[in-house]
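Asker: The sequence shown maps to residues 3 to 361 in the numbering used here.
Cβ atoms here follow ideal geometry from the backbone N, Cα and C, with glycine treated the same way.
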Amino acid sequence: MSYGLTTNQIAALLGEDATFLLGFSAPKIAKTMLRTPGPTFLEDVFTDSDRNNRVIGNLARLYQSGRLGGSGYLSIFPVDQGIEHSAGASFAANPLYFDPEHIVRLALEAGCNGVASTLGVLGLVSRRYAHKIPFIVKINHNELLTYPNKADQILFASVDQAYEMGAAGIGATIYFGSSESGRQIVEVSEAFDYAHQKGLFTILWCYLRNPAFKKDKDYHESADLTGQANHLGVTIAADLIKQKLPTNFGGYTALNMGDSSYGKFDQRMYSDLLSEHPIDLARYQVLNNYRGKIGLINSGGASGENDLADAVKTAVINKRAGGSGLIAGRKAFQKPFEEGVRLLQAIQDVYLNPEITIA
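#1: For Ile58, which three-state DSSP category applies?
#2: Could you tell me whether the Cβ atoms of Ala330 and Gly302 are closer together than 7 Å?
#3: Using the Cβ count rule (16 or more neighbours within 10 Å means buried), how would you classify Arg129?
#4: Between which two residues does the alpha helix (DSSP H) holding Pro280 run?
#5: Out of curiosity, what's the CA-to-CA distance linking Leu345 and Ala313?
#6: Count the other C-beta atoms from every protein chain shown that fall within 10 angstroms of the C-beta of Asn6, then say buried if there are 16 or more, exposed otherwise.
#7: Which residues bound the alpha helix (DSSP H) around Thr316?
#8: Quick check on the DSSP output: the alpha helix (DSSP H) that includes Leu212 runs from which residue to which?
#9: Hey, Leu275 and Tyr292: beta-carbon distance below 7 Å or not?
#10: Relative to the C-alpha of Gln245, which residue among Asn55, Phe178 and Leu310 is closest?
#11: Looking only at its chain, what residues have a beta carbon closer than 6 Å to the beta carbon of Gly297, apart from the 5 residues adjacent to it on each side?
#12: What first and last residue would you give for the alpha helix (DSSP H) that runs through His143?
#13: Output needed for Asp226: all residues of its chain with C-beta closer than 8 Å, excluding positions within five of it in sequence on either side, in chain order.
#14: Considering Asn10, what are the terminal residues of the beta strand (DSSP E) in which it resides?
#15: Kindly confirm or deny that the region 165-176 and the region 54-69 touch, where touching means at least three C-beta pairs closer than 8 Å.
#16: Should Asn290 be labelled buried (16 or more other beta-carbon atoms within 10 Å of its own) or exposed?
#17: Taking just the CA atoms, how far does Ser183 sit from Thr49?
#18: To test your reading of the DSSP string, which unbroken beta strand (DSSP E) runs of 3 or more residues are found completely within the region 81-121?
#19: Can you give me the C-alpha to C-alpha distance between Ala323 and Ile31, rounded to a whole angstrom?
#20: Taking 7 Å as the threshold (C-beta atoms), are Leu16 and Lys321 in contact?
Put into structure tokens, the structure is as follows:
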């Protein structure tokens, strides 16, 4: 496997964080505690599972596709922001991506393992591309046209529709912590069960949504709360978990201050399993994915001023934590086509670089 960015170039992009991230060697949770990604990851984890041969075959196709094929790592290109954030807000920077074909072409050109998008986007080009790159149909979305806006994932597509277009898998989001989360858990659990019966793999976007999670910090990004969301996600048999990169911890303690009582926690979560280092924060998420047996793919995040450096940094943290890759969209499609390709391939270069190891 070849890669473009050298370790020195990656370190230059990391800037003052290079030693902090690349030199980190004392994680709270030892590497030996985890099932880490590698060429035999799929066989090691799923051979003894209840997934049928068609699910394992579609997972194998995902893991063998693109520049990262055979490495055990994943680079997935997701575009559902036309629903989640409004099409105008998402594609005004690059109107070409109103056209579904450009979404799939970017994933192919960049060498991604798969492309995740809406029923409409993937369905319109399925005959041309579904056999060329694994399709992942996102079956539910948060629709922001209702006034006032509300945070609720509702079904836009069915498993059968994804199956009929030749998709390899489906994706869904649950807003854990929201007043609607109970209904979403039931809907998605039933959809994942049926998807597995049809031979499709499943990816769960495990996001938190509740105004109470914003206190002295934004605990939507806390390792302890997002880690528990991950653990709920693997409980309903997600084959991969997508999660935002954590930036803090202590969500349980913050929500249990004053007269409130929220969930259950053990202080050893914070003393023995977590630290403020970003690799430790992400590793706690991996731990909650059945000690890494279900792969963690972190979100690439919003587009900003230093997207290339930010994307590489996120990839380094995920890889060194024991994660399985990135699912990055806005940083790529809100740029000119070739620049988007280079950014996605820079992410992949981190996973292909043998000098960047799991801490």
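Answerer: In brief:
#1: helix
#2: yes
#3: exposed
#4: Pro280 to Asn290
#5: 8 Å
#6: The question names Asn, but residue 6 in the sequence shown is Gly. It is exposed - the Cβ of Gly6 has fewer than 16 other Cβ atoms within 10 Å.
#7: Asp309 to Ala323
#8: Sequence check: residue 212 is Asn here, not Leu. Element bounds for Asn212: n/a, residue is neither H nor E.
#9: no
#10: Phe178
#11: Leu242 and Ser326
#12: Per DSSP, His143 belongs to no alpha helix (DSSP H); it is in the beta strand (DSSP E), Asn142 to Asn144.
#13: Phe251, Gly252, Gly253, Tyr254, Phe267, Met271, Tyr272, Leu276 and Tyr286
#14: Not the beta strand (DSSP E): Asn10 falls in the alpha helix (DSSP H), residues Thr9 to Leu16.
#15: yes
#16: buried
#17: 31 Å
#18: 116-119
#19: 9 Å
#20: no
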